[in-house]
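**Student:** Residue numbers (the numbering used here): 54 to 288. For every residue, glycine included, the Cβ atom is placed at its ideal position computed from N, Cα and C. Just so it is clear, the structure is predicted and the values come from calculations on it, not from any experiment.
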Ligand code: 5GP
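1. Candidates 89, 175, 72: which alpha carbon is nearest residue 193's?
2. Taking residue 79 and residue 140 to be in contact with their CB atoms under 8 Å, please state how far apart those CB atoms are, rounded to whole angstroms.
3. Check for me: the alpha helix (DSSP H) holding residue 285 runs from which residue to which?
4. Check whether the Cβ of residue 150 lies closer than 7 Å to any heavy atom of ligand 1, and answer yes or no.
5. Would you say the beta carbon of residue 153 is closer than 7 Å to some non-hydrogen atom of ligand 1?
6. Going by beta carbon distance, what residues of the same chain come within less than 6 Å of residue 87, once the five residues before and after it are set aside?
7. Please name the residue or residues paired with residue 95 in a DSSP beta bridge.
8. Using the three-state DSSP reduction, which class does residue 130 fall into: helix, strand or coil?
9. CB of residue 230 to nearest heavy atom of ligand 1: below 7 Å?
10. Looking at the structure shown, is residue 363 part of a helix, part of a strand, or coil, going by DSSP?
11. If you drop the 5 nearest sequence neighbours on each side, which residues of the same chain put their C-beta closer than 7 Å to that of residue 289?
12. Fully enclosed by the segment 128-167, which alpha helix (DSSP H) runs are 4 residues long or longer?
13. How would you call residue 103, buried or exposed, if buried means at least 16 neighbouring beta carbons within 10 angstroms?
14. Which term fits residue 197, buried or exposed, when burial requires 16 or more other beta carbons within 10 angstroms of its beta carbon?
15. Spell out the partners DSSP gives residue 61 in its beta bridges.
16. Can you check which of these residues, 250, 288, 262, is closest to residue 147 by C-alpha distance?
17. Let me make sure I understand the geometry here. Which of 71, 82, 190 has the alpha-carbon closest to that of residue 62?
18. Could you spell out the range, first to last residue, of the beta strand (DSSP E) harbouring residue 230?
19. From which residue to which residue does the beta strand (DSSP E) around residue 209 run?
20. What residues are listed by DSSP as bridge partners for residue 278?
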């Protein structure tokens, strides 16, 4: 397989075409942004952590029946993935109150939730990713009802698999964001699963081991990413 021209540069990744029309290569950067790009910085080594951790998680999910875009890890930063059409939704699952949920609904961070929350945001930087419901998604033509149903059931299954996996690493999965893509008519899990896209808290101390350390200027950002690599057995 030959790597060709750059197709896209996002906030945390670059995407390159290949000579196979069904495949592309994602390259993970150390660039970090928060608050829709208003805060910018670098987290040294983040690209390597996110690439390797994401691939590890996607392989675990595949073994448990979740279809993903993952094809092959080329090196520490670059991975071959299926060339999907991204469904323009950020699919968020919350197991404990935190972040924008705590702020919006006035629930103190760390509060228990009676049941998990599945949330859809319309992926749009100019609009700041507004919350959308099933009706909005259909009316705006973002996905079909069948796709919404598939995405919802996959997201909740992924939640359970990830809760169980991270518990064994002494980590609580507080919440996370997923993105899905269309590949030859099938919905597959795409994008990444990493400390950029999940809230990870130490199960005992509740220490934050994710991008909130960058978002909230808490320090120890690189250390938290490195700690997560250790916890999952990749370092
Ligand atoms: P919140 O809505 O509380 O800010 O985020 C909920 C969860 O989804 C967090 O784990 C957060 O990392 C993830 N998340 C939500 N929106 C984004 C986004 O635009 N980019 C990234 N990397 N993660 C997001």
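**Tutor:** The relevant details are as follows:
1. By one-based count along the chain shown, residue 193 stands at place 140. Checking every option, the nearest Cα to that of residue 193 belongs to 175.
2. Sequence index remark: in the chain shown, residue 79 carries index 26 (1-based). Sequence index remark: in the chain shown, residue 140 carries index 87 (1-based). No, residue 79 and residue 140 are not in contact; Cβ-Cβ is about 17 Å, not under 8 Å.
3. Position 232 of the chain shown, counted from the first residue, corresponds to residue 285. Unbroken run through residue 285: none, as it is neither H nor E.
4. Residue 150 sits at position 97 when you count from the first residue of the chain shown. False, no ligand heavy atom lies under 7 Å from that Cβ.
5. Reading the chain shown from its first residue, position 100 is the one you call residue 153. Relative to ligand 1, residue 153 has its C-beta within less than 7 Å of a heavy atom.
6. The count along the chain shown starts at 1 and reaches residue 87 at position 34. Hits under 6 Å: 268.
7. Start at 1 with the first residue of the chain shown, and residue 95 comes out as number 42. Per DSSP, the beta-bridge partners of residue 95 are 84.
8. Looking up residue 130 in the chain shown gives position 77. In this structure, DSSP gives residue 130 a state outside helix and strand, which the three-state scheme calls coil.
9. For the purposes of this step, residue 230 is taken as the residue at position 177 of the chain shown. Indeed, a heavy atom of ligand 1 lies less than 7 Å from the Cβ.
10. The question about residue 363 has no answer here: the residues shown for the chain are numbered 54 through 288.
11. This structure does not reach residue 289, given that the chain is present from 54 up to 288, and the question cannot be answered.
12. The qualifying runs are 152-158.
13. Counting from one through the chain shown, the residue named residue 103 turns up at place 50. Result: buried.
14. Stepping through the chain shown from its first residue, residue 197 is reached at position 144. Per the 10 Å Cβ criterion, exposed.
15. As a position in the chain shown, residue 61 is number 8, starting the count at 1. The partner list for residue 61 (beta bridge, DSSP) reads 68.
16. Mapped onto the chain shown, residue 147 falls at position 94. Closest by C-alpha distance to residue 147, out of 250, 288, 262, is 250.
17. For the purposes of this step, residue 62 is identified with residue 9 of the chain shown, where counting begins at 1. In terms of CA proximity to residue 62, 82 leads the group 71, 82, 190.
18. To locate residue 230, count along the chain shown from 1; it is residue 177. Per DSSP, residue 230 belongs to the beta strand (DSSP E) from 224-236.
19. As a working note, residue 209 is residue 156 in the chain shown. For residue 209, no beta strand (DSSP E) segment is defined; the enclosing uninterrupted segment is the alpha helix (DSSP H) at 198-220.
20. In the chain shown, residue 278 corresponds to position 225, counting from 1. The secondary-structure analysis by DSSP pairs residue 278 with nothing; it has no beta-bridge partner.
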